[in-house]
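Quick note: to get our numbering, add 135 to the position in the sequence shown (first position is 1).
For glycine and all other residues, C-beta sits at the position ideal for the given N, C-alpha and C.
Since this is a predicted model, take the numbers as computed values, not measurements.
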Amino acid sequence: MKADTLWLQNTLSGKKEAFEPINPPFVGLYVCGPTVYNEVHMGNLRTFISFDVLNRYLRYLGYKVRYVRNITDVGHLTDDSGEDRVEKRARLEKIEPMEIVQKYSRGFHRVSDVFGLLDPDVEPTATGHIVEQISMIQSIIDKGFAYETNGSVYFDVEKYAKEFKYGQLSGRVLEELDQQTRNLDGGEDKRFFADFALWKKASEDTIMKWPSPWGVGVPGWHLECSAMSTKYLGKTFDIHGGGMDLKFPHHECEIAQCQAAGEGSSARYWMHTNMLTINGTKMSKSLNNSILPMEFVSGEHKLLERGYPPMVVKFFMCQTHYSSPLDFSNEALQAAEKGFVRLQKGMESLENMPEGKGSKEDASVLLGALNDALNHLSDDLNTPRCIASLFEVTNSIQRMQHHSTSLDSDTKSQCLTIFKDIVHQVLGLEFSTNSGNNDSLDKVMDALLGIRNKARTEKNWVVADALRDGLSSVGVTFSDNKEGSSWEIK
Numbered sequence: 136m137k138a139d140t141l142w143l144q145n146t147l148s149g150k151k152e153a154f155e156p157i158n159p160p161f162v163g164l165y166v167c168g169p170t171v172y173n174e175v176h177m178g179n180l181r182t183f184i185s186f187d188v189l190n191r192y193l194r195y196l197g198y199k200v201r202y203v204r205n206i207t208d209v210g211h212l213t214d215d216s217g218e219d220r221v222e223k224r225a226r227l228e229k230i231e232p233m234e235i236v237q238k239y240s241r242g243f244h245r246v247s248d249v250f251g252l253l254d255p256d257v258e259p260t261a262t263g264h265i266v267e268q269i270s271m272i273q274s275i276i277d278k279g280f281a282y283e284t285n286g287s288v289y290f291d292v293e294k295y296a297k298e299f300k301y302g303q304l305s306g307r308v309l310e311e312l313d314q315q316t317r318n319l320d321g322g323e324d325k326r327f328f329a330d331f332a333l334w335k336k337a338s339e340d341t342i343m344k345w346p347s348p349w350g351v352g353v354p355g356w357h358l359e360c361s362a363m364s365t366k367y368l369g370k371t372f373d374i375h376g377g378g379m380d381l382k383f384p385h386h387e388c389e390i391a392q393c394q395a396a397g398e399g400s401s402a403r404y405w406m407h408t409n410m411l412t413i414n415g416t417k418m419s420k421s422l423n424n425s426i427l428p429m430e431f432v433s434g435e436h437k438l439l440e441r442g443y444p445p446m447v448v449k450f451f452m453c454q455t456h457y458s459s460p461l462d463f464s465n466e467a468l469q470a471a472e473k474g475f476v477r478l479q480k481g482m483e484s485l486e487n488m489p490e491g492k493g494s495k496e497d498a499s500v501l502l503g504a505l506n507d508a509l510n511h512l513s514d515d516l517n518t519p520r521c522i523a524s525l526f527e528v529t530n531s532i533q534r535m536q537h538h539s540t541s542l543d544s545d546t547k548s549q550c551l552t553i554f555k556d557i558v559h560q561v562l563g564l565e566f567s568t569n570s571g572n573n574d575s576l577d578k579v580m581d582a583l584l585g586i587r588n589k590a591r592t593e594k595n596w597v598v599a600d601a602l603r604d605g606l607s608s609v610g611v612t613f614s615d616n617k618e619g620s621s622w623e624i625k
């Protein structure tokens, strides 16, 4: 029942195109990973969740994917004359740069695990590929598209633009950029305002630096992705992804570097995720409204009324198309939580539905809605419409239950397989019943229930009510009756 053709919105062409891999069934996928100088933020997480869904769906369709997602641990300068962000953070925290790298890399991996992201097949670091970056710089110089000055090497955008199209991805025009560009310290080494650093001469107090044919220095930020993507995926590969904030200048410069080095045009399909807002306002640290992923889970942020399970946050993100802006609010998260529970109950109801003769009409409705869900995924990963189709399945199951309808065993098995594949295998969502921690959870909850029952017996209403209210705030409800008490996660 899998859809025949996968369609993807290609930023490079500005069109939705049928996906045709270069060397089927193999697919090369590269996604710009985090710069590990700080905690990963929700904008990063949205990008990684979106491309996790793409990675999962490609595999579900039968493709053999090599997923490469880098770690930027050096070279991400505040600007061409600025300080490396990792080193800047190290100075603030008064520790070594590589301690910063390890600290925030581990934090990123913890977040990835908590939100159920598949590991990339290759996770290269910039510091581990200095040789490849120097080699690419030399190729660009040899082709005449870069120049050395005072120990730094700059990409010659003006010369490149005479042979290739600079701005082909972002739609930027050099003349317009000239009017928008502000003068920066260190720009006197450039021949042209739009030239960017491939190699930057290191100052005496720079800690992370390497020898090169042009002197001791550090690679430019744009260079690492070009060098690493082509090393692991080839001169021209299938898909390159990232946040829309990377479209210019980062991704535009990647394309320019690859073409100038004679490495081809890099990726054939370029995909970009949109920004995050909170209560209608752009989420940013400068506005003091930025929320970290684990703060969504703990609820420990002034803008959150409470915490939410990681799968609920992930489900909430999937309810908006990756290319559309996503707005966070407590009301939207609470609605997503109800929808997530509804989806779980729908799957459980399907699992528990009695088998019998069943009707062809019911089978057609269920299989039709599930087929629609897959078709929506093949339409540029339209996860919100996919989820809407899954809710249609849930509604049909509830209607069948109300009328005490059964399903024949083959139809039930087929529906359940597709339903689970979409939810678990493609969207990467896990329900609490599938978490693997149920035994521990049951023991903890039974212990708390025992404490509450004892408090009620002793008429210690302060303790009993405090337990009830505290657990209710995280979605656990108690039911009291003559036989005793029970609990349920809503």
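DSSP places Gln454 in the coil class of the three-state scheme, outside both helix and strand.
Three or more pairs of CB atoms, one per stretch, sit closer than 8 Å, so the segment 537-549 contacts the segment 486-498. Boundaries of the alpha helix (DSSP H) around Val292: 292-298. Among the bridge pairs identified by DSSP, Pro156 is matched with none. The beta carbons of Lys382 and Thr207 sit no closer together than 8 Å. In this structure, the straight-line span from the alpha carbon of Glu472 to that of Leu606 is close to 16 Å. In the structure shown, Met177 falls within a helical segment according to DSSP collapsed to helix, strand and coil. Contact between the segment 254-265 and the segment 288-304 is absent, with fewer than three C-beta pairs closer than 8 Å.
Counting along the chain, the unbroken beta strand (DSSP E) around Val200 starts and ends at 199-204. Contact annotation, Val288 with Trp334: C-beta distance approximately 4 Å; criterion of less than 8 Å satisfied. Per the coordinates, the alpha-carbon of Leu141 lies some 18 Å from the alpha-carbon of Cys453.
Residue pairing by DSSP places Gln144 opposite Lys151 in a beta bridge. Taking the Cα of Phe183 as reference, the smallest distance to any Cα among Leu252, Leu562, Lys238, Gly279 is reached at Leu252.
The residues Asn424, Ile426, Leu438, Asp462, Phe463, Ser464, in chain order, have a CB closer than 8 Å to that of Ile413 in the same chain once the five nearest residues on each side in sequence are set aside. In the structure shown, Leu461 falls within a strand segment according to DSSP collapsed to helix, strand and coil. The Cβ atoms of Arg191 and Thr408 do not sit closer than 8 Å to each other. The beta strand (DSSP E) runs lying completely inside the segment 343-405 and spanning 3 residues or more are 352-354, 371-378, given in chain order. Annotated three-state conformation of Leu505 is helix, per DSSP. Taking 8 Å as the cut-off, the Cβ atoms of Ile532 and Ser459 do not count as close.
In the displayed model, Ser567 falls within a helix according to three-state DSSP. Here Pro519 is not near Ile342, since their CB atoms are 8 Å or more apart.
With contacts defined by Cβ atoms closer than 8 Å, Leu164 and Val203 form a contacting pair. Per DSSP, the beta-bridge partners of Thr170 are Thr207. Spanning the alpha carbons of Gln479 and Lys449 requires a straight line of approximately 14 Å. In this structure, Met363 sits away from Asn179, with a CB-CB distance that is not shorter than 8 Å.
A direct Cα-to-Cα measurement between Asn510 and His559 gives close to 17 Å. Looking at the backbone, the Cα of Leu512 and that of Gln303 are separated by about 28 Å. Taking each of Ser361, Glu359, Asp340 in turn and checking the Cα distance to Val351, the smallest one comes out for Asp340. The alpha-carbon of Asn173 is positioned some 37 Å away from that of Asp277. Its chain contains no residue whose beta carbon lies nearer than 7 Å to that of Pro159 once the 5 sequence neighbours on both sides are disregarded. In the DSSP assignment, Lys325 falls outside any alpha helix (DSSP H) and carries neither an H nor an E. The beta-carbon distance between Val171 and Tyr239, rounded to whole angstroms, is 4 Å. This is short enough to meet the 8 Å contact definition. In the displayed model, Thr540 falls within coil according to three-state DSSP, outside both helix and strand.
Looking from the CA of Ser347, the closest CA among His357, Trp356, Lys336 belongs to Lys336.
Residue nearest to Asp380 within the set Asp373, Met406, Thr365 is Met406 (criterion: CA-CA distance).
DSSP places Ile426 in no beta strand (DSSP E); its state is neither H nor E.
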